[in-house]
Amino acid sequence: MTASDQTTGPERLPVADARRTWAWLRAELRGRWRAGALAVLVGAVGAAASVVPVYALGRLVDLVTEQAPGSAIVPVAAVILVGALVGGLAAGPGTYLISRLCEQMLADLRESTVARALSLPVTTLERVGKGDLLSRVSTDTAAIGKAASNVMPTMISAFLLVVVSVAAMAGLDWRLGLAGAVAIPLYVMALRWYLPRAAPKYAEERRAVADNSQLLVESMQGVRTVHAYRLEQRRLHGIGNASHEVRDISVSVFTLFTRFVGRVNRSEFFGLAAILVTGFLLVRQGHVTVGESAAAAVLFHRLFNPIGMLLFTFDEVQAAAASLARLVGVIDLAPAEEPRDGTGEPADASLELADVHFRYDGAPEVLHGVSISLPAGSRVALVGSTGAGKSTIAAIAAGILTPGSGSVRVGGAALPPGSLREHVAIITQEVHVFAGPLIEDLRLARPDASPQEAAAALAAVGALDWAKDLPDGLGTVVGEGGHELTTAQVQQLALARLILADPPIAILDEATAEAGSLGARKLEESAVAATRGRTTLIVAHRLTQAASADRVVVLEHGRIVEEGGHRELVAAGGRYAELWRAWEARTPTSSSR
Ligand SMILES: Nc1ncnc2c1ncn2[C@@H]1O[C@H](COP(=O)(O)OP(=O)(O)OP(=O)(O)O)[C@@H](O)[C@H]1O
């Protein structure tokens, strides 16, 4: 089963199952087996070297007990010194190699997740909400990052030390090894008690955190609506409830953890007691020396920390595994669908939508076979009542949405969405101003644009005057936290970006609709300047835009009901004529056109 087969709910991105997550991890490790083997080898040498001083310490105890001469003690002391040195020296590179491996894997994981998230169909992102995705690329990546940089290196070193120490105890006397091993089933029992209880708790905690971020993101993004409808208290109440849920789940996770710690301490007690009793009996029967028995006890006692580390970090590893499953779920998502028919190079700047059908996820079809043809360099206006499907057509023509069936062709070529976007640029009313200097915002469209080119683009859309008057001119920081631009200024900025991007085809979806009537005419002029020479599809909310277009396409309920020149349609007395009459009645001045 792939991640994309299984969704955790209609409003969430999928989460990969354990098998798929392991398969991803194995494939990643297989691709880096050399680095992995080297890290384990260096770690094992360090662990083995660190056991030598304890062994030698036992021997030292025996020598002292036997009142051996100083000359016999010196070589043992030298062994202790060398062992400690080698152990200490190998620990650094061992940890470094493991950390490097984990960090490289994390960097690749982060890149693939973000790359896939950016290539997701817009409909998927709209359906799941940005909060879920944000919590995955931030909180989940952080959880894995923490495990990768702190937990995994410590855990692997601890594991190697445990293996080498148990082997060393068995080397002293197999019964001592066996006594030490008594603790193993107790540790395993503690872990088996804990893990199945902790896993769902962690998953629950992640889900609650994601829900909380979703609520926060929505409230921030919709802050104007929240103010407009006085929803502050209701939103705060919702966020408060979600935060309380996160808090309660975190507390219950911690309570579970402390109960687990109690079980681990009990295992340590029984393990050490078994070694001391066995050592006592073996010394009494003359099977081992006091030094060997003491060495076994020290070896075991030294494992308290690494074993504790192994067990206590298991929950972080588990949390990281839950996060990894969520990221692999995103990586496995199908990217936006490519068109099924052939591609090729566009012959010219014409744009053609042929028999396009479209439905949003889980909703009824909204476009029922729409065909629109824009010859190169023409201006076509799309007119229709609210919900007719105009914005959907604009998004399909721009390659933001993929039609369910039918095709979009540029210059006769059906292009994949990625390259369609190279030829077609769209401006919607939701223009985002990225935080930073104004000129950098313009350069999003063309990174190498010179200040003169940026200024020329602003001048062409009539925005240079106000831009120069900003506190730092084109260097003024705009966007979130910076100088606030008016809606009309933001639209002009988008039109200036269009000039810099210089696409052969432009789509304007409500680019002027937001403006008040006073500024609307000015913005229309800016739009005409920005689209001059380009094939242009305009979603015309102001019918003056339709009147100045080469052709008007009238859409109702997802179907084209009329098509032709403005005068021709007005004369025909159909749906467009009706809309035009209503428009003229509302804005008498426009009849002068
Ligand atoms: N993201 C979405 N998910 C589900 N349905 C949607 C979504 N966006 C639009 N719709 C629906 O699709 C239909 C066409 O919407 P669209 O926005 O394309 O119409 P429009 O003609 O541009 O309307 P308006 O003039 O109000 O912008 C409407 O019924 C709308 O409710």
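The numbering of the sequence shown is UniProt numbering, which starts it at 1 and goes up by one.
Virtual Cβ for every residue (Gly too), placed ideally from N, Cα, C.
It should be emphasised that the depicted structure is a prediction, and the values quoted were computed from it without experimental measurement.
Item: Residue 379 beta carbon less than 8 Å from that of residue 143; Value: no
Item: Residue 366 beta carbon near ligand 1 (any heavy atom closer than 7 Å); Value: yes
Item: Status (buried if at least 16 other CB within 10 Å, exposed otherwise) for residue 305; Value: exposed
Item: One or two residues paired with residue 424 in a DSSP bridge; Value: 505
Item: Contact between the region 79-98 and the region 33-53 (3+ Cβ pairs under 8 Å); Value: yes
Item: DSSP beta-bridge partners of residue 358; Value: 367
Item: Heavy atom of ligand 2 within 7 Å of residue 384 beta-carbon; Value: Ligand 2 is absent from the structure shown, which contains only ligand 1.
Item: Length-filtered (4 minimum) alpha helix (DSSP H) runs lying within the region 143-222; Value: 152-172, 174-181 and 183-221
Item: Residues near residue 577 by beta carbon distance below 6 Å, same chain, minus five either side; Value: 570
Item: For residue 306, the three-state DSSP class (helix, strand or coil); Value: helix
Item: Burial state of residue 115 (16 or more Cβ within 10 Å); Value: exposed
Item: For residue 380, the three-state DSSP class (helix, strand or coil); Value: strand
Item: heavy atom of ligand 1 below 7 Å from residue 391 C-beta; Value: yes
Item: Residue environment, residue 212, which counts as buried when at least 16 other CB atoms sit within 10 Å; Value: buried
Item: Selection from 364, 314 and 406 that minimises the alpha carbon distance to residue 352; Value: 406
Item: Sufficient close CB pairs (3 or more, under 8 Å) joining the region 203-218 to the region 234-245; Value: yes
Item: Element boundaries [alpha helix (DSSP H), containing residue 288]; Value: No alpha helix (DSSP H) contains residue 288, which DSSP labels as neither H nor E.
Item: For residue 370 and residue 559, the rounded distance between their alpha carbons; Value: 6 Å
Item: Among 41, 160 and 112, nearest to residue 328 - alpha-carbon criterion; Value: 112
Item: Backbone CA spacing between residue 575 and residue 475 [nearest angstrom]; Value: 48 Å
Item: Contacts around residue 543, its chain only, beta-carbon distance under 8 Å, and the 5 residues preceding and following it disregarded; Value: 383, 579, 580, 583 and 590
Item: Closer than 7 Å: residue 194 CB and nearest ligand 1 heavy atom; Value: no
Item: For residue 99, the three-state DSSP class (helix, strand or coil); Value: helix
Item: Limits of the beta strand (DSSP E) - the one that residue 431 falls within; Value: It is not in any beta strand (DSSP E) - residue 431 carries neither H nor E in the DSSP assignment.
Item: Exposed unless 16 or more other CB atoms sit within 10 angstroms - verdict on residue 165; Value: buried
Item: Residue environment, residue 135, which counts as buried when at least 16 other CB atoms sit within 10 Å; Value: buried
Item: Residue 535 - partner residues in DSSP beta bridges; Value: 505
Item: Through-space distance from residue 463 to residue 489, alpha-carbon basis; Value: 7 Å
Item: Residues of its chain near residue 137, where Cβ-Cβ distance is below 7 Å and the 5 sequence neighbours each way are ignored; Value: 113, 114 and 117
Item: Residue 17, DSSP secondary structure in three states; Value: coil
Item: Three or more C-beta pairs below 8 Å linking the region 69-79 and the region 25-42; Value: no
Item: Identity of the residue in 390, 365 and 344 nearest residue 416 by Cα; Value: 344
Item: Cβ-based burial, residue 201 [other Cβ within 10 Å; buried from 16]; Value: buried
Item: Cβ distance (whole Å) where residue 478 is taken to contact residue 438 below 8 Å; Value: 5 Å
Item: When 237, 290, 161 and 508 are compared against residue 64, the one with the closest alpha-carbon; Value: 290
Item: Under the three-state DSSP convention, the category residue 415 falls into; Value: coil
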